[in-house]
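> With mature numbering (1 follows the signal peptide of the UniProt record, and there is no 0) applied, the sequence shown covers -21 to -1, 1 to 121.
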Amino acid sequence: MINLKTLTIFVAFALSANIFADENIFYAKAKALIEAPASELIVIYNKNKVADICPKGSVGCFTSAEGGKIYMLENISEIHHDVVLFGLYADYVQYNDSRIIDSNFTCDSKVKFLESKGNISLANLYNNQCMKHYQNLKLASR
């Protein structure tokens, strides 16, 4: 009989390998969408680092220091994880290319990403948030 500790380690390894494979996909999609060169970042799942480094209330962020890293919380839903990670890669590729992050472009990219995954209801929700953000920017610039 397999002992519980061995089984737990095996499951954790299998899940982490699956997550890392997906991270490569998000990076490739962001890079292709923006059509700019950028090296891949290491993704670190650590709530303490997120609290120390990322904007308050966020579930993740990227930093260009030390070659660049993405920090994310460990315990978020799969779809939220996917769209946040994709968005952070999109921000990073933009920043690496021009040192500018266009939040409207990132928002629209997240909508396209969700649509490509077939999650139309969440894509519509994000699209509404993008429109509100864009309208607020227009009002602030007047």
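Using N, Cα and C, we set each Cβ at its ideal position, and we do this for glycine too. Keep in mind it's a predicted model, so treat the numbers as computed, not measured.
Should residue 155 go down as buried or exposed, given a rule of 16 or more other Cβ atoms within 10 Å for buried?
For residue 155 there is no data in the structure shown, the boundaries of the chain being -21 and 121.
> Touching or not, the segment 96 to 111 and the segment 48 to 68, by the rule of three or more beta carbon pairs under 8 angstroms?
Result yes; three or more Cβ-Cβ pairs closer than 8 angstroms.
> Helix, strand or coil for I32, going by three-state DSSP, please let me know.
Taking the sequence shown and counting its residues from 1, the one referred to as residue 32 is at position 53. Helix.
> Which residues in the same chain as Y24 place their Cβ atom closer than 6 angstroms to its Cβ, once the five residues preceding and following it in sequence are excluded?
Here residue 24 refers to the residue found at position 45 when the sequence shown is read from its first residue. So the list reads M51 and E53, once near-sequence residues are dropped.
> In angstroms with no decimal places, state the Cα-to-Cα distance between S100 and N115.
Taking the first residue of the sequence shown as position 1, residue 100 is located at position 121. Taking the first residue of the sequence shown as position 1, residue 115 is located at position 136. Whole-angstrom Cα-Cα distance: 23 angstroms.
> Taking 8 angstroms as the limit between beta carbons, can you name the residues of its chain near I80, skipping five residues before and five after?
The residue you call residue 80 lines up with position 101 of the sequence shown. D70, Q73 and Y74, listed in sequence order.
> At what residues does the alpha helix (DSSP H) containing V63 begin and finish?
As a first step, residue 63 must be located in the sequence shown, where it is residue number 84. Its alpha helix (DSSP H) spans residues E57 to S77.
> Nearest CA to the CA of S18: which residue from C86, V63, K28 and D76?
Here the question's residue 18 lines up with position 39 in the sequence shown. The shortest C-alpha separation from S18 is found at D76.
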